[in-house]
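One structure is given here, and the rest of the page talks about it.
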Amino acid sequence: MTTRRNLSALISVAIILVAAVGCGGGDDGGGTVTSDGSSTVGPFTTKAAEDFQAENPDVQVTVGVSGTGGGFERFCIGETDISNASRQIAEDEIAICEENGVEYVELQVVLDAMTNVVNPENDWASCLTVEQLNAIWKPGSDVDNWNQVDSSFPDVPLSLFGPGTDSGTFDYFTDAINGEEGASRTDFSPSEDDNVIVQGVAGERGGLGYFGFTYYEENQDRLKALEVDGGSGCVAPGVETAQNGTYTPLSRPLFIYVSQSSLDESDAVRDFVRFAVENAQTIAEAAQYVPMSQEQVDAQVAKLEEAIG
Numbered sequence: 009m010t011t012r013r014n015l016s017a018l019i020s021v022a023i024i025l026v027a028a029v030g031c032g033g034g035d036d037g038g039g040t041v042t043s044d045g046s047s048t049v050g051p052f053t054t055k056a057a058e059d060f061q062a063e064n065p066d067v068q069v070t071v072g073v074s075g076t077g078g079g080f081e082r083f084c085i086g087e088t089d090i091s092n093a094s095r096q097i098a099e100d101e102i103a104i105c106e107e108n109g110v111e112y113v114e115l116q117v118v119l120d121a122m123t124n125v126v127n128p129e130n131d132w133a134s135c136l137t138v139e140q141l142n143a144i145w146k147p148g149s150d151v152d153n154w155n156q157v158d159s160s161f162p163d164v165p166l167s168l169f170g171p172g173t174d175s176g177t178f179d180y181f182t183d184a185i186n187g188e189e190g191a192s193r194t195d196f197s198p199s200e201d202d203n204v205i206v207q208g209v210a211g212e213r214g215g216l217g218y219f220g221f222t223y224y225e226e227n228q229d230r231l232k233a234l235e236v237d238g239g240s241g242c243v244a245p246g247v248e249t250a251q252n253g254t255y256t257p258l259s260r261p262l263f264i265y266v267s268q269s270s271l272d273e274s275d276a277v278r279d280f281v282r283f284a285v286e287n288a289q290t291i292a293e294a295a296q297y298v299p300m301s302q303e304q305v306d307a308q309v310a311k312l313e314e315a316i317g
């Protein structure tokens with residue numbers, strides 16, 4: 009199995025290659041595919057690229073992790089073939105794509121159970137309600153100690169870590185927990201790199217952070233996952249709870265957006281995207297994601313084939 013550390017290294021190499029290769033939108037010599045966007049989806053695309061390039065060594069697939077918003081900024085001006093996204097494209101991003109004549113296909117590739125994590129030394133919290141998470145993360149919150157979250161919790165300073173504002177994970181979490189996309193307190197340590205959040209929470213006894221389930225899976229020896237009570241009792245993040253919809257409100261689909269012109273003009277893009285979607289379950293399991301059902305995979309394959317024509 010490819011580990012998260014190896015995936016992170018691959019992504020780092022890919023970021024360098026993105027700068028070297030340049031824009032997407034068609035074959036270039038031996039064939040190139042450029043993608044950028046969500047750090048949550050990035051490891052899926054990187055694993056897909058690794059497996060695809062093993063069979064197609066003449067094709068170079070690059071993966072950047074500038075965040076969902078950063079990825080759409082490049083995608084909607086035609087710089088990339090694929091935009092990795094941990095949320096659906098926003099209205100203002102749709103408008104920019106339209107202004108630049110960028111048509112696209114939205115494809116779901118995996119599921120996610122957004123995970124709240126604490127330091128392993130935290131032996132007082134095992135489950136937080138949506139109301140408690142809201143009290144911690146809402147705009148203007150002055151909760152800075154665990155005993156303010158629950159009076160039974162000890163007097164331990166609360167250290168918060170989370171995705172940056174370009175992250176689709178940030179957008180989704182704030183909408184689900186605070187009722188409005190982008191609504192959040194600002195006095196926390198943000199990063200578009202989820203590994204930085206891992207390090208932050210792992211290094212602070214009172215640490216609390218959130219990101220995609222896969223980053224918790226890779227770092228279980230350094231972090232503790234919290235259950236969430238969305239109104240029907242405490243539920244742990246995981247494959248089964250994400251698939252059956254009981255992990256609410258923090259289970260979600262993850263996407264790739266593919267430029268229609270790239271699909272039309274580039275054999276490399278067409279073959280890579282088809283490979284990634286057809287093998288989405290295998291790639292998801294190898295990269296420690298929550299895989300889609302076979303019915304969901306079949307629907308996305310049909311959607312892609314219709315776009316390819």
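If you read the sequence shown in the working numbering, its first letter stands for residue 9, the second for the next number, and so on.
We put the CB at the ideal spot given by N, CA and C, even for glycine.
Because the structure is a prediction, the values reported are computed rather than measured.
| Item | Value |
| --- | --- |
| State the Cα-Cα distance for the pair residue 272 and residue 208, rounded to the nearest angstrom. | 44 angstroms |
| How many Å lie between residue 288 and residue 159 at the Cα? | 45 angstroms |
| From this set, 39, 300, 267 and 206, which residue's C-alpha is nearest residue 248's C-alpha? | 300 |
| May I ask you to list the residues that DSSP assigns as paired with residue 298? | 119 |
| Quick check: what's the CA-CA separation for residue 307 versus residue 92? | 19 angstroms |
| Among all the DSSP beta bridges, which residues are the ones paired with residue 237? | 137 and 242 |
| Return the chain-ordered list of same chain residues with a C-beta closer than 6 angstroms to the C-beta of residue 146, the five sequence neighbours on each side being excluded. | 186 |
| CA-CA distance, residue 182 and residue 218? | 11 angstroms |
| If you draw a straight line from the C-alpha of residue 118 to the C-alpha of residue 143, how long is it? | 30 angstroms |
| State the Cα-Cα distance for the pair residue 123 and residue 245, rounded to the nearest angstrom. | 6 angstroms |
| Beta carbon of residue 70, beta carbon of residue 48: below 9 angstroms? | no |
| Starting from the Cα of residue 231, find the closest Cα among 238, 239 and 205 and give me that residue. | 205 |
| Starting from the C-beta of residue 105, find all residues in its chain whose C-beta is less than 7 angstroms away, skip the five residues before and the five after it, and write them out in chain order. | 84 and 112 |
| State buried or exposed for residue 276, treating a residue as buried only when at least 16 other CB atoms are found within 10 Å of its CB. | buried |
| Report the three-state DSSP secondary structure of residue 192 (helix, strand or coil). | coil |
| In the DSSP output, what is residue 232 paired with across the bridge? | 126 |
| Does DSSP put residue 216 in a helix, a strand or coil? | strand |
| Based on the DSSP secondary-structure assignment, which residues constitute the bridge partners of residue 90? | 43 and 266 |
| Just mark residue 252 as buried or exposed, buried being the case when its beta carbon has 16 or more other beta carbons within 10 Å. | exposed |
| If we ignore side chains and look at the alpha-carbon of each, how far apart do residue 202 and residue 73 end up? | 10 angstroms |
| Assuming residue 250 and residue 120 make a contact with CB atoms under 8 angstroms, what is their CB distance in whole Å? | 7 angstroms |
| Answer yes or no: does any C-beta atom of chain B fall closer than 9 angstroms to that of residue 151? | The question asks about chain B, but that chain is absent: this structure has only one protein chain. |
| Measure the C-alpha to C-alpha separation of residue 156 and residue 280 and round it to an integer number of angstroms. | 50 angstroms |
| So the beta strand (DSSP E) residue 70 belongs to, where does it begin and stop? | 68-71 |
| By Cβ distance below 8 angstroms, which residues in the same chain neighbour residue 267 in space, the five residues on each side in sequence not counted? | 32, 33, 83, 86, 88, 89, 90, 110, 111, 112 and 277 |
| Taking residue 126 as the reference, give the member of 229, 62, 257 and 190 with the closest Cα. | 229 |
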